[in-house]
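Structure representation (structure tokens):
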């Protein structure tokens, strides 16, 4: 028994020591997104640190109003997951998702503390700008030479960069683009160089061939442009718009001459027709999938099928299709099946039902209320981060699973750091364990 108590004591001492280096786990998260699952490792470490703090000094966190936005926003998403558990058709994956999201909250405590430290905020922005810039340059190398700096080849003409063989580069760069643009604006003294580096990122996202990433980039760019205009950063806005217009005109012939991109554009134009096949092709054959999600959400309207239950629930609907019909064949089935619906709103309504939809919109309303409280002199420190959260949880997103560990860990990393920007500043010593 004494050995166990002694071991626990040493472990607590180790955690106190490790907490002094919690900033490292915050900084290492974005680069690890290039891997398939390693990004969860710093999340787990920070969750252990957060749990230790919560057990040792619960009042320091739960009674501190600075942490309340993080707690309330987390409950908006986490409680519907728990409510979906009683009727879940896959209780084990649902329970696992609930536990995983709990890790995001616990790790969010540590991320929040690091983000509050004044000396860390600029360093984080610089680090993200450098990582995004490297990924953009690496993607251009892959596009021009056929292989990137690590020897990864093009994937059917589409840039995958350091994320090879996964086609996630466009989504990640798009969600981080407001921070990249803000980093360029702050730290690059030459306007012409800012435009070149910004253009590199845009080109790489376009040539990833991910149309959802194009939409995400458009949302990020529009809101970031409005932010710059409102803040007076675009004093010569007519000149900037002229540069953008000239750049677009010069790039259009180059872009359209690149076969994989021009094919994507041609497919996307099918959205503006009345042809079912053309529309289905433009949505990457997702119409049957969305029809399935809609049917499931009607049958499980209150609390859904349980988080991560769509992959099982959709099978009985797909079985209703005529035999030997494949989702990618010319004659499309009525229902489709996949790991998730490829639509945030449909994924929430299918897996956690009306309760989840209410939680999602309550999350959005609360986040908006918190952002409205930001004083104008803090806008440059807060708004670019807030835009990343908006892009990550935008209701029309149709990329990775909202409840999947990859995208949800990215989202909560951004949420915790955004909320840290609106909290009272803390010194480095204040965030460490006593």
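In the UniProt record's numbering, the protein residues as written are 1 to 434.
Note that beta-carbon positions come from the ideal geometry of N, C-alpha and C, so glycine has one too.
query                                                                                                                                                                           : result
Residues in the same chain with beta-carbon distance under 6 Å from residue 208, minus the five sequence neighbours each way, listed in chain order, please.                    : 158, 159, 169, 170
Secondary structure at residue 86, three-state DSSP: helix, strand or coil?                                                                                                     : coil
Could you tell me the distance, in whole angstroms, from the CA atom of residue 149 to the CA atom of residue 92?                                                               : 41 Å
With three or more C-beta pairs closer than 8 Å as the rule, is the stretch 308 to 317 touching the stretch 287 to 296?                                                         : yes
Could you compute how far the alpha carbon of residue 145 sits from the alpha carbon of residue 177?                                                                            : 25 Å
If you reduce the DSSP assignment to three classes, tell me which class residue 319 lands in.                                                                                   : coil
Which residue comes first and which comes last in the alpha helix (DSSP H) that contains residue 377?                                                                           : Premise fails: residue 377 is in no alpha helix (DSSP H) and is neither H nor E.
List the DSSP bridge partners of residue 158.                                                                                                                                   : 155
Just the C-alpha distance for residue 85 and residue 200, rounded to the nearest angstrom, thanks.                                                                              : 45 Å
In angstroms, rounded to a whole number, what distance separates the CA positions of residue 15 and residue 43?                                                                 : 15 Å
How is the alpha helix (DSSP H) around residue 309 delimited, first residue to last?                                                                                            : Element bounds for residue 309: n/a, residue is neither H nor E.
Give me the Cα-Cα distance between residue 90 and residue 221, rounded to the nearest whole angstrom.                                                                           : 39 Å
Is there contact between the stretch 116 to 134 and the stretch 182 to 195, where contact requires at least three CB pairs shorter than 8 Å?                                    : yes
On the three-state DSSP scale, how would you describe residue 56?                                                                                                               : helix
Between which residues of its own chain and residue 382 is the CB-CB distance below 8 Å, once the five residues before and five after are set aside?                            : 371, 374, 418, 421, 422
State the Cα-Cα distance for the pair residue 264 and residue 211, rounded to the nearest angstrom.                                                                             : 8 Å
Given 8 Å as the limit, is there contact between the stretch 268 to 283 and the stretch 221 to 233, that is, 3 or more CB pairs closer than that?                               : no
For residue 378, count neighbouring C-beta atoms within 10 Å of its own C-beta (all shown protein chains included) and say buried if the count is 16 or more, exposed if not.   : exposed
As a quick exercise: from 26, 97, 80, 203, pick the residue whose alpha carbon is nearest that of residue 117.                                                                  : 26
In chain order, what residues of the same chain have a beta carbon less than 8 Å from the beta carbon of residue 414, not counting five sequence neighbours either side?        : 175, 385, 388, 389, 392
Checking the sheet assignment: what are the DSSP bridge partners for residue 147?                                                                                               : 153
Just the Cα atoms here: how many angstroms apart are residue 318 and residue 357?                                                                                               : 25 Å
Relative to the C-alpha of residue 81, which residue among 302, 367, 315, 53 is closest?                                                                                        : 302
Quick one: what does DSSP say residue 381 is sitting in, helix, strand or coil?                                                                                                 : helix
How many whole angstroms separate the CB atoms of residue 109 and residue 54, which I take to be in contact at a CB cut-off of 8 Å?                                             : 7 Å
Below 8 Å, can you find three or more Cβ-Cβ pairs linking the stretch 61 to 80 to the stretch 95 to 110?                                                                        : yes
Who are the near neighbours of residue 3 in its chain, counting only those whose CB is closer than 6 Å to its CB and skipping five residues on each side?                       : none
Go through its chain and collect everything with a Cβ distance to residue 78's Cβ below 6 Å, but skip five positions before and after it.                                       : 101
I need the straight-line Cα distance from residue 281 to residue 269, nearest angstrom please.                                                                                  : 10 Å
Is the Cβ-Cβ distance between residue 197 and residue 205 less than 7 Å?                                                                                                        : no
Which complete alpha helix (DSSP H) runs does the stretch 260 to 298 hold, if anything under 4 residues is left out?                                                            : 276 to 282
Quick one, which of 336, 19, 132 has its alpha-carbon nearest residue 451's?                                                                                                    : There is simply no residue 451 to check, as the chain begins at 1 and stops at 434 in what is shown.
Can you give me the C-alpha to C-alpha distance between residue 132 and residue 338, rounded to a whole angstrom?                                                               : 30 Å
Let me know if residue 147 comes out buried or exposed under the rule of 16 or more other beta-carbons within 10 Å of its beta-carbon.                                          : exposed
Within the same chain, show all residues whose beta-carbon is closer than 8 Å to that of residue 435, passing over the 5 residues directly before and after it, in chain order. : This structure cannot settle anything about residue 435, because the visible part of the chain is limited to 1 through 434.
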